[in-house]
Amino acid sequence: MGTRLRKDLSRSRSALMRALKRAEQALEAKDDATALKAGHTIAALAGAILKMVEVVSLEDRIQELEARVKELASARMGPGRKTA
1102 MGTRLRKDLS
1112 RSRSALMRAL
1122 KRAEQALEAK
1132 DDATALKAGH
1142 TIAALAGAIL
1152 KMVEVVSLED
1162 RIQELEARVK
1172 ELASARMGPG
1182 RKTA
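Using the numbering used here, the first residue of the sequence shown is number 1102, and each one after it goes up by one.
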């Protein structure tokens, strides 16, 4: 995964975590409407955070697999030959 994309995801994750903390505080509100909205917000944020974690994990795994395929192709082609 590119450095820029990783930084963008890191900033997005930080923003989501800040929003999650604020929603958790609102969950303690005395009125039910605010507490229910906070609960809904927490559920939505949790889903977004989970998707972000999954994307990063999948991207890392894909890069590892691509590197391994390239290694295997190079080994199969023999020394001095280039792979695509």
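Glycine included, C-beta positions come from ideal geometry on N, C-alpha and C.
query                                                                                                       : result
Validate contact between the region 1141-1157 and the region 1108-1119 using beta carbons, cut 8 Å, 3 pairs : yes
Supposed contact pair Ala1139 and Leu1146 - C-beta distance, whole angstroms, cut 8 Å                       : Going by Cβ atoms, the distance from Leu1146 to Ala1139 rounds to 10 Å, so no, they are not a contact pair.
Beta-carbon separation (whole angstroms), Thr1142 vs Ala1124, contact threshold 8 Å                         : 4 Å
Per-residue DSSP class, three states only, for Asp1133                                                      : helix
Where the alpha helix (DSSP H) containing Leu1117 begins and where it ends                                  : Thr1104 to Ala1127
Beta carbon of Val1157 nearer than 9 Å to that of Arg1107                                                   : yes
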